[in-house]
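First the structure, in the form of structure tokens, and then the observations on it.
Protein chains in written order, with my numbering: chain A, 153 to 525; chain B, 52 to 134.
So, in structure tokens, the structure goes:
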């Protein structure tokens, strides 16, 4: 008996087609952004219910978070009894994901649906969480989880392209002009190249493996190049000349968005000589989301642990107050007005360490933004 | 003048970084004046250190500011943090 649906709950194809005009009219009126109806979160085609029983009559359903007494509603919030000749019904569905409701609920509702079924149709995606940026996203923006297939997970800093004709690095840097041939994810060597251990062409996953990314379903890019890091052991740290922990992986243009989640567009990048102590900075990262901090030291030489007792000594680093945690490696550090200053790669319980973005640009030969600010 | 403190720092990086607990040296700022900042995993009372292990209070006329920095590691989830 269980499979025998109540005949009066079903909506035939002909009925649904006949409802279409009324349904789209209802969408326009009930879900109008200019004059939203209180509590209405969706519109669907279904059948009219009366006294807890389906009547079989085709109806336009107004999906509401909760039903409210007519007396408590303003006139403009009332769901009309009819759209044209089609009757309406009001279905209480609780709180779905508000920002997804309009696109997902109507698709999920086809024919008459009872309240409990309706609730099951709502995707159970957590709205908030410490690892909201650990999910899959296409295009992927700066701030989202990413990683070489053999590592855990880090963060996409932003997306970049090869220096264009006329571009210069060194004492008089300037952007070039032309047509980029390739587009890349920018992050750390230890995120995209597994601390020098990766091969060019290795798969890069978004989200990173720690966040459930698998090959080939979550392939977003392939490792293109990285700046090798010198470590002790084997090389005594007095001989280290590390400036950056940086790498790029080439992806398809339509999968890569250089905007930063919550941060916005990168307006430009700042020369190392103009990065000043005391400047407030911000970043968006996979683990701690959006955070701000203050630069406490520049031109810093720092010994950084790479796991397994390995230490890398880095020169010309930026130190900020603590604004990160494990998983934020690769985040782009910017001023509050969206000028890139650093590439985050390390931290302690009280501080965050970043490479100068000018060194990242010169050594990887990639353009981060079209202005030097 | 503006680069003078950078030159001083560069002359002393290696010797400062060789001191116990020191994990970073850089240029900071205090009361509008540039200072040499030395980051240590933890601060230790001078009395517990041998004279040659002490961080100088001044270097060629520039103040030295000792700050607790902890132990910096690459920022990967879990194994990175505790690796």
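Using N, Cα and C, we set each Cβ at its ideal position, and we do this for glycine too.
Check each candidate in the options and name the one with the smallest Cα separation from residue i.
i              : options                           : result
residue 103(B) : 71(B), 123(B), 56(B) and 58(B)    : 71(B)
residue 421(A) : 452(A), 484(A), 469(A) and 432(A) : 484(A)
residue 487(A) : 446(A), 329(A), 227(A) and 214(A) : 446(A)
residue 107(B) : 67(B), 126(B) and 77(B)           : 67(B)
residue 333(A) : 312(A), 344(A), 349(A) and 462(A) : 312(A)
residue 293(A) : 394(A), 415(A) and 510(A)         : 415(A)
residue 91(B)  : 114(B), 111(B), 69(B) and 98(B)   : 69(B)
residue 426(A) : 238(A), 357(A), 450(A) and 221(A) : 450(A)
residue 176(A) : 330(A), 225(A), 240(A) and 200(A) : 240(A)
residue 470(A) : 73(B), 55(B) and 78(B)            : 78(B)
residue 489(A) : 207(A), 387(A), 501(A) and 444(A) : 444(A)
residue 349(A) : 302(A), 369(A), 358(A) and 326(A) : 302(A)
residue 206(A) : 219(A), 242(A) and 417(A)         : 242(A)
Is it buried or exposed, residue i, if we count other Cβ atoms within 10 angstroms and call 16 or more buried?
i              : result
residue 295(A) : buried
residue 230(A) : exposed
residue 550(A) : Residue 550(A) cannot be examined here, being either before or after the span of chain A that is shown, 153 to 525.
residue 406(A) : exposed
residue 166(A) : exposed
residue 467(A) : buried
residue 336(A) : buried
residue 429(A) : buried
residue 95(A)  : Since the displayed chain A opens at 153 and closes at 525, residue 95(A) lies outside it and no answer follows.
residue 61(B)  : exposed
residue 352(A) : exposed
residue 298(A) : buried
residue 198(A) : buried
residue 424(A) : buried
residue 397(A) : buried
8 Å is my cut-off, CB to CB: does residue i come that close to chain B?
i              : result
residue 496(A) : yes
residue 314(A) : no
residue 511(A) : no
residue 342(A) : yes
residue 535(A) : Outside the shown range of chain A (153 to 525) lies residue 535(A), about which nothing can therefore be said.
residue 452(A) : yes
residue 539(A) : There is simply no residue 539(A) to check, as chain A begins at 153 and stops at 525 in what is shown.
residue 439(A) : yes
residue 449(A) : yes
residue 444(A) : no
residue 309(A) : no
residue 429(A) : yes
residue 432(A) : no
residue 489(A) : no
residue 401(A) : no
residue 390(A) : yes
Would residue i count as contacting chain A if we go by Cβ distances under 8 Å?
i              : result
residue 98(B)  : no
residue 119(B) : yes
residue 128(B) : yes
residue 131(B) : With a pLDDT of 42 at residue 131(B), under the threshold of 50, the modelled position of that residue is not reliable, and no figure is offered here.
residue 125(B) : yes
residue 78(B)  : yes
residue 88(B)  : yes
residue 59(B)  : no
residue 101(B) : no
residue 109(B) : no
residue 66(B)  : no
residue 74(B)  : yes
Write down the C-beta distance between residue i and residue j rounded to the nearest angstrom, noting that I regard them as a contact closer than 8 Å.
i              : j              : result
residue 117(B) : residue 89(B)  : 5 Å
residue 411(A) : residue 374(A) : Their Cβ separation, rounded to whole angstroms, is 22 Å, which puts residue 411(A) and residue 374(A) out of contact at 8 Å.
residue 314(A) : residue 517(A) : 7 Å
residue 399(A) : residue 341(A) : 5 Å
residue 171(A) : residue 214(A) : That pair is no contact at about 13 Å.
Is the segment 434-444 of chain A touching the segment 475-494 of chain A in the sense that three or more CB pairs, one from each, lie closer than 8 Å? Taking 8 Å as the limit for Cβ pairs, the verdict is that the segment 434-444 of chain A does touch the segment 475-494 of chain A.
Could you tell me whether the segment 283-294 of chain A touches the segment 361-368 of chain A, using the rule of 3 or more Cβ pairs below 8 Å? Segment contact: the segment 283-294 of chain A against the segment 361-368 of chain A, three or more CB-CB distances shorter than 8 Å; contact assigned.
Three or more C-beta pairs under 8 Å: does that hold for the segment 320-328 of chain A against the segment 379-386 of chain A? No: fewer than three Cβ pairs fall under 8 Å.
Check whether the segment 454-464 of chain A and the segment 79-88 of chain B touch, using three or more Cβ-Cβ pairs below 8 Å as the test. Result no; under three Cβ-Cβ pairs closer than 8 Å.
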